[in-house]
Structures are given as C-alpha cells and as structure tokens.
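Notes follow once the structure below has been shown.
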Amino acid sequence: MAIFSAGEALAEAPMEEFLGWHVLDPANSTFAQDLRESMLIGYGTGNSRENQQGNRPETG
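Taking my numbering, the leading residue of the sequence shown gets 49, the next gets one more, and so forth.
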C-alpha cells in the first residue's frame, strides 16, 4: 500500500505545479477540481484492484 501512496504523491506534485502555471485560480477552478478528482479516483481504483486481486505492487 505504501507504494501506491508514494505514487500518488509523485503524481500530485507535478499536477499541482501544472495547475499553478496554467490555471489562474486553482483553488476555485472546475478544471483543477476535475483533475484532482480524476487522479484520486485512479489511485483509488488501483488500490481497490490490488486489495481484491491480492497482487502485490511491483516496483521494477
């Protein structure tokens, strides 16, 4: 589970930087909210699959 959490943090940082550069008000932007939710849903889906299937995350 720690690998998925680390991956989420690694995906979140560049996303926030992108939003800082390209969105005037990321805190109140519908696009920024959609992007954040999509990232979280994607990681939630990955974690659910891992828990259901019992596969350990692979790092290499």
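Glycine included, every Cβ here is placed at the ideal spot set by N, Cα and C.
Counting other Cβ atoms within 10 Å of its Cβ, residue 80 reaches 16 or more and is therefore classed as buried.
DSSP, reduced to helix, strand and coil, places residue 73 outside both helices and strands of the structure shown, so it counts as coil. Between residue 87 and residue 59, the gap from beta carbon to beta carbon is short of 7 Å.
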